[in-house]
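In terms of the working numbering, the sequence shown is residues 53 to 513. The C-beta atom is built at its ideal place from N, Cα and C for all residues, glycine as well. Bear in mind the structure is a predicted one, so any value in this text is a computation, not a measurement.
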Amino acid sequence: MSSLDNDLICAVATPPGEGGVGIVRLSGPGAKEAAQRLFAKELSPRSAHYGMFSVSGEPLDDGIALWFPGPNSFTGEDVVELQGHGSPVVQQAILQALCDAGARLARPGEFSERAFLNGKLDLVQAEAIADLIAAKSRSAAKAALSSFQGVFSTKVTALADRLLRMRIEVEAAIDFPDEDIEILEQAKVAETIAALIGDLNVLIDQAEQGRRLSQGITVALVGAPNVGKSSILNALAGEEAAIVTEIPGTTRDLLKVDVVIEGQPLRLVDTAGLRDSDDPVEQIGIERAREQIGQADTIALVVSAETLLATPIELDVDDYWRGMARLTGVDPEQVSAQDIQLVVNKVDIGQPALDPTWNDRACFVSVVSGAGLKELGARLVQNQTTAGEAAGFSARQRHIQALQKTKDLLGRAAHGYNQRMGPELIAEDCLLAHQTLGEIVGQLTPDDLLGEIFSSFCIGK
Ligand SMILES: Nc1nc2c(ncn2[C@@H]2O[C@H](COP(=O)(O)OP(=O)(O)OP(=O)(O)O)[C@@H](O)[C@H]2O)c(=O)[nH]1
Ligand SMILES: [Mg+2]
53 MSSLDNDLIC AVATPPGEGG VGIVRLSGPG AKEAAQRLFA KELSPRSAHY
103 GMFSVSGEPL DDGIALWFPG PNSFTGEDVV ELQGHGSPVV QQAILQALCD
153 AGARLARPGE FSERAFLNGK LDLVQAEAIA DLIAAKSRSA AKAALSSFQG
203 VFSTKVTALA DRLLRMRIEV EAAIDFPDED IEILEQAKVA ETIAALIGDL
253 NVLIDQAEQG RRLSQGITVA LVGAPNVGKS SILNALAGEE AAIVTEIPGT
303 TRDLLKVDVV IEGQPLRLVD TAGLRDSDDP VEQIGIERAR EQIGQADTIA
353 LVVSAETLLA TPIELDVDDY WRGMARLTGV DPEQVSAQDI QLVVNKVDIG
403 QPALDPTWND RACFVSVVSG AGLKELGARL VQNQTTAGEA AGFSARQRHI
453 QALQKTKDLL GRAAHGYNQR MGPELIAEDC LLAHQTLGEI VGQLTPDDLL
503 GEIFSSFCIG K
């Protein structure tokens, strides 16, 4: 676990730029003393004091100072907030004066990291603060608040407690090799593992909905060259983000653009047109496009009306997708037909017919005339809106991976039990499963992972 730096940190906690109010925050030993070098009035705990902020006796600004003695503060340390006017010049001068008094500038997320290390929040709650700040919709903000209040952590901790109780039984069986099987049977270890796996499946589904809601879904625009993938991205983004030409093979690299449609965040990814190519650069682009197909939440499979009029798709949606999967080298297990949205572009040239099974899955659009684009946007966010109504908390990919890994380890323990392997092996898998679950809330989380999580926070948080 990351060790706690025991020094005084400071940062501007309000957004950069001019504003009505600007807040400078201090945390660590000597916070009050450093603040009192600028603020002459004696601070009493948790009270608002109005007065002047001065540097070397020269008045800089007036405002409110608040002192929260540790451990009853956000970080668990002594915290002072200096709330002045939102002037970048004044705030920089205050920061400089605090650094002269022994503080240093905080790293991004360092206040939250200290709150976590001091046991004020677990890791899921700390991440939820960042998700709440970055929420792009009210439902995403609501879900992040639930996670911040511990809704998700409580579910994880409850599973970890049940796992721990079962581990105790399994460990006990190790000490009695002659009776180990009876002990495991009596303790209903197999039933407990099965129940845990069942509950993990439910939690994975809920967390997946929460992830889609808080991080937004990714839509990959995929298809043959020249069908208009880049044109559709530009139309949905409302800007000329991607290069469009009549030359097939124009797009090589992935291009990611974040858009908000009907209040829902969506990440659009433009990809290189899929075809056999001798050009090494294009080949790399096509390889990246294939990887993206496996990672995206939704595949917008773009075809051109012109091509369909010449060679109609006679297959139903599932057969067509299986054929496409073979053609594009994608594992059909990885992406189901459910995740596919067929986009027939260039309907200004003509309107092709499709097998009726495509009805819910196909959209007819024309970037040239603008027809169908609004409906396409609505379809793409539909998944997410449904998730938004169901998600009770926000979650991240990291959490889902850990839940999945926990489930796999428990599956291995169940297999070991069925094969009558010794309790040592079952105990080992259960220990690993318990540790993996603990990583979600931040027990035994490696330092580098903590560093990665907190560095994505904003400064002053
Ligand atoms: N008639 C018509 N032409 C279109 C439409 N959308 C795009 N085009 C044209 O089709 C050509 C290819 O468009 P792009 O958006 O570059 O196609 P792409 O699928 O990104 O192509 P690659 O990057 O080569 O894979 C361009 O000349 C566009 O102007 C449309 O709705 N109708
Ligand atoms: Mg393109």
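Residue j and residue i - do their beta-carbons sit closer together than 8 angstroms?
i	j	result
P277	P300	yes
V7	L175	Coverage of the chain is limited to positions 53 through 513, which leaves residue 7 absent and any answer about it impossible.
P160	F506	yes
I351	I345	yes
V433	L318	yes
F168	A153	no
P404	V396	yes
L215	A485	yes
F120	I146	no
L353	V241	no
L252	S446	no
L184	L78	no
V355	V271	no
S164	K513	yes
L157	A63	yes
L477	G468	yes
G444	V203	yes
I61	G80	yes
Below 6 angstroms CB to CB, which residues in the same chain sit around residue i once its five sequence neighbours on both sides are set aside?
i	result
A187	A193, A196
D310	R319
A239	E221
A182	F509
D114	M104
Hey, how far is the Cα of residue i from the Cα of residue j?
i	j	result
L367	D407	7 angstroms
E504	L489	19 angstroms
A324	P475	52 angstroms
N170	N58	11 angstroms
P68	P140	7 angstroms
E427	E314	11 angstroms
G440	G268	Confidence at G440 is low in this model, with a pLDDT of 49, below 50, so its placement is unreliable and no value can be given for it.
L288	E237	59 angstroms
D305	Q456	31 angstroms
E291	D460	44 angstroms
I511	R166	13 angstroms
S189	V222	46 angstroms
D257	S191	18 angstroms
L173	R450	18 angstroms
A87	S125	16 angstroms
G103	L95	11 angstroms
E129	A348	42 angstroms
K93	G71	25 angstroms
Q201	A180	9 angstroms
N470	I249	15 angstroms
K398	W410	18 angstroms
T359	Q487	54 angstroms
Q148	E162	19 angstroms
R378	D371	11 angstroms
Q495	L501	12 angstroms
A294	F91	53 angstroms
T363	R431	26 angstroms
D230	A341	57 angstroms
T458	E339	31 angstroms
Could you round the C-beta distance between residue i and residue j to whole angstroms and report it? I think they count as a contact, below 8 angstroms.
i	j	result
V132	K207	With a Cβ gap of about 36 angstroms, V132 and K207 do not count as contacting.
L112	A100	Incorrect: roughly 19 angstroms between the Cβ atoms, too far for contact.
A357	G402	6 angstroms
R219	C482	5 angstroms
I226	A479	6 angstroms
D235	A224	Checking the sequence shown, residue 235 turns out to be Ile, not Asp. Indeed they touch by this definition, with Cβ atoms about 6 angstroms apart.
D328	T303	That pair is no contact at about 16 angstroms.
V51	I284	The chain is shown only over 53 to 513; residue 51 falls outside these bounds and no answer can be derived.
Who are the near neighbours of residue i in its chain, counting only those whose CB is closer than 8 angstroms to its CB and skipping five residues on each side?
i	result
R413	V369, A389, I392, Q393, L394
I452	I256, A259, E260, R263
Which residues in the same chain have their Cβ closer than 7 angstroms to the Cβ of residue i, if we skip the five residues on either side of it in sequence?
i	result
T66	V73, G74, I75, G138
S205	D174, V176, Q177, V493
Taking DSSP's pairing of strands, which residues face residue i in a bridge?
i	result
K308	V321
H101	A117
R156	I61
E77	Contrary to the premise, residue 77 reads as Arg rather than Glu in this sequence. Partner(s): A63, E133.
I345	Answer is none; I345 lacks a bridge partner.
P277	Paired residue(s): none; P277 is not in a bridge.
I351	A272, I392
I313	Q316
N397	S356
S106	P111
C415	V395
F91	F105
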